[in-house]
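Trainee: Below is a structure I'd like to ask you about.
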Amino acid sequence: MRKIALLMLFIVVAAPSAWGDPYRKKVVDPMLSRWMFFLGPNLSVAELIPGADLKTSRTIGTLMISYPERIIDEEDEPPVDLKDVVPVATVIRRTKPDKALTALINLRLDPDCHFSYQGASLVSRKHIGYRWHVAWELSPNYGGFSGAPIEYRGVVTARGKVITPDFYQFDTFFSREHKQWLCSILKLKLPENQQEQKILSQQQIEKRGRAAFQELLKQVKITPGTDPAQFEYQDCRAIEFPLRAGANGEFQYMKAWGVNFKEIPGSDEKKIEDFFTVWVMEDGTVSELKIISLHK
């Protein structure tokens with residue numbers, strides 16, 4: 171829950187020249203960054219994405235990296251003997267995060283970070299065979315680090331096939347009185363045909379986000395003796411997510427709009443700046459909105 175005390179995860183120890191670097195990112199959008207400094211309970215990837223593999227899926231701030239369990243558990247046909255498993259040097263090379271993934275994660279970090287190889291383990295699962303799990307850890311480009319490590323995990327089959335995870339932009343909001351989570355989950359993917367993609371105006375995007383949020387609030391179960399949570403529209407702004415890097419190094423982006431709603435605290439509550447984001451794609455597709463009860 172965002173209302174619990176915040177913990178700064180990164181402590182930058184930088185040379186004076188680094189702080190004056192004109193190419194260093196100065197501002198991270200709060201829609202992307204606030205979960206990086208959050209200490210407190212949040213939902214797991216498996217709770218947000220049913221069927222996500224618990225051992226390999228991760229969240230990095232408001233980015234969710236989800237490996238579908240059904241793909242992780244696909245059997246090797248035919249089975250691969252241990253002596254024939256692809257060597258570790260190959261899986262390290264194949265799972266190294268590319269420029270697009272690094273840029274996607276750095277959208278929500280300040281300062282920018284890079285990946286460092288941490289280790290690989292060969293996992294034996296009797297019913298499917300072997301899987302390589304490769305850990306890559308994020309470190310600030312300018313040095314210095316404090317707090318729990320932020321990790322990306324690559325997964326490779328015994329034959330050397332890299333299993334590609336699904337990426338989601340998400341937000342959650344916890345209602346203390348009603349013991350429920352409001353959840354907004356948008357799968358990040360490039361349009362199949364960008365030239366033919368229908369693009370809505372900002373006003374149309376905002377309208378769809380407002381309507382979807384109102385429908386979500388109707389599903390909130392009100393605890394007897396309490397008032398329903400109150401929100402007001404805050405703003406609507408766009409983010410471009412780099413999802414693929416071409417041979418020339420140029421990124422292909424997916425653009426999405428965050429339609430933000432600010433909580434209106436009750437008269438007996440401390441005023442806290444908190445908001446919830448409904449994500450809307452350019453074609454009008456709204457993020458999956460759902461409610462998860464604390465007591466199932």
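Using my numbering, read the sequence shown as starting at 171 and increasing by one per residue.
C-beta atoms are modelled at their ideal positions from N, C-alpha and C, and glycine is treated no differently.
1. Taking C-beta to C-beta, are Val450 and Ala426 nearer than 8 Å?
2. Have a look at Pro394, Gly324 and Arg380 and flag the residue whose alpha-carbon is nearest the alpha-carbon of Phe446.
3. For the beta strand (DSSP E) containing Gly416, name the first residue and the last one.
4. Quick check: the Cα distance between Ile241 and Ile333, rounded to an integer number of angstroms?
5. In chain order, which continuous runs of the alpha helix (DSSP H) of length 4 or greater are located wholly inside the stretch 247–296?
6. If you pair each beta-carbon of the stretch 252–264 with each one of the stretch 281–292, do three or more pairs fall below 8 Å?
7. Tell me whether the beta-carbon of Val429 lies closer than 8 Å to the beta-carbon of Ile355.
8. Check Pro361 in the structure and name its three-state DSSP category.
9. Classify Gln389 as buried or exposed, calling it buried when 16 or more other Cβ atoms lie within 10 Å of its own Cβ.
10. Just to confirm the assignment, what range does the alpha helix (DSSP H) spanning Arg378 have?
11. Can you confirm whether the stretch 323–339 touches the stretch 294–311 when touching is taken to mean that 3 or more C-beta pairs between the two stretches lie within less than 8 Å?
12. When the Cα atoms are used, what is the spatial distance from Glu244 to Arg295?
13. Near Leu413, which residues of its chain fall below 8 Å by C-beta distance, leaving aside the five closest residues on each side in sequence?
14. With a Cβ-Cβ cutoff of 8 Å, do Gly454 and Leu370 count as a contact?
15. Should Tyr403 go down as buried or exposed, given a rule of 16 or more other Cβ atoms within 10 Å for buried?
16. If you count every other CB in all the chains shown that lies within 10 Å of the CB of Thr393, and 16 or more means buried, which is it?
17. So for Thr214, helix, strand or coil by DSSP?
18. So which of Leu202, Leu252, Val197 and Ile230 has the shortest CA-CA distance to Glu307?
19. Between which two residues does the alpha helix (DSSP H) harbouring Ser203 extend?
20. When we look at the beta-carbon of Leu233 and count the other beta-carbons within 10 Å, is it buried (16 or more) or exposed?
Mentor: In short:
1. As a first step, residue 450 must be located in the sequence shown, where it is residue number 280. As a first step, residue 426 must be located in the sequence shown, where it is residue number 256. Taking 8 Å as the Cβ cut-off, Val450 and Ala426 qualify as a contacting pair.
2. For the purposes of this step, residue 446 is taken as the residue at position 276 of the sequence shown. Here the closest residue by C-alpha is Arg380.
3. What you label residue 416 is simply residue 246 of the sequence shown in a count that begins at 1. Boundaries for Gly416: no beta strand (DSSP E) harbours it, and the DSSP string shows neither H nor E there.
4. Numbered from its first residue, the sequence shown carries residue 241 at position 71. Numbered from its first residue, the sequence shown carries residue 333 at position 163. Distance from the CA atom of Ile241 to the CA atom of Ile333, rounded to whole angstroms, is 8 Å.
5. Segments of the alpha helix (DSSP H) lying fully in the stretch 247–296: 258–265 and 269–276.
6. A contact exists between the stretch 252–264 and the stretch 281–292.
7. As a working note, residue 429 is residue 259 in the sequence shown. As a working note, residue 355 is residue 185 in the sequence shown. Contact flag unset, no.
8. Within the sequence shown, numbered from 1, the residue matching residue 361 stands at position 191. Of the three classes helix, strand and coil, the one that applies to Pro361 here is coil, per DSSP.
9. Position 219 of the sequence shown, counted from the first residue, corresponds to residue 389. By the neighbour-count rule (16 or more Cβ atoms within 10 Å), Gln389 is not buried but exposed.
10. Against the sequence shown, residue 378 aligns to sequence position 208. Where Arg378 is concerned, the enclosing alpha helix (DSSP H) stretches over Gln372 to Lys388.
11. Yes: the two stretches touch, three or more of their Cβ pairs being nearer than 8 Å.
12. Here residue 244 refers to the residue found at position 74 of the sequence shown. Here residue 295 refers to the residue found at position 125 of the sequence shown. Arg295 has its alpha-carbon roughly 11 Å from the corresponding atom of Glu244.
13. For the purposes of this step, residue 413 is taken as residue 243 along the sequence shown, with counting starting at 1. Here Leu413 has Ala270, Leu274, Phe337, Leu358, Lys359, Leu360, Phe421, Gln422, Tyr423 and Met424 as same chain residues with Cβ atoms under 8 Å from its own Cβ, once five neighbours each way along the sequence are excluded.
14. Reading the sequence shown from its first residue, position 284 is the one you call residue 454. Reading the sequence shown from its first residue, position 200 is the one you call residue 370. Yes, Cβ-Cβ distance for Gly454 and Leu370 is below 8 Å.
15. Along the sequence shown, read from residue 1 onward, the residue named residue 403 stands at position 233. Tyr403 is exposed by the Cβ-count criterion.
16. Along the sequence shown, read from residue 1 onward, the residue named residue 393 stands at position 223. Result: exposed.
17. The residue labelled residue 214 in the question sits at position 44 within the sequence shown. It should be pointed out that residue 214 corresponds to Ser in this sequence rather than to Thr. Residue state, collapsed to three classes: coil.
18. Stepping through the sequence shown from its first residue, residue 307 is reached at position 137. Per the Cα distances, Ile230.
19. Taking the sequence shown and counting its residues from 1, the one referred to as residue 203 is at position 33. Pro200 to Ser203 is the extent of the alpha helix (DSSP H) around Ser203.
20. Taking the first residue of the sequence shown as 1, we reach residue 233 at position 63. So Leu233 counts as buried.
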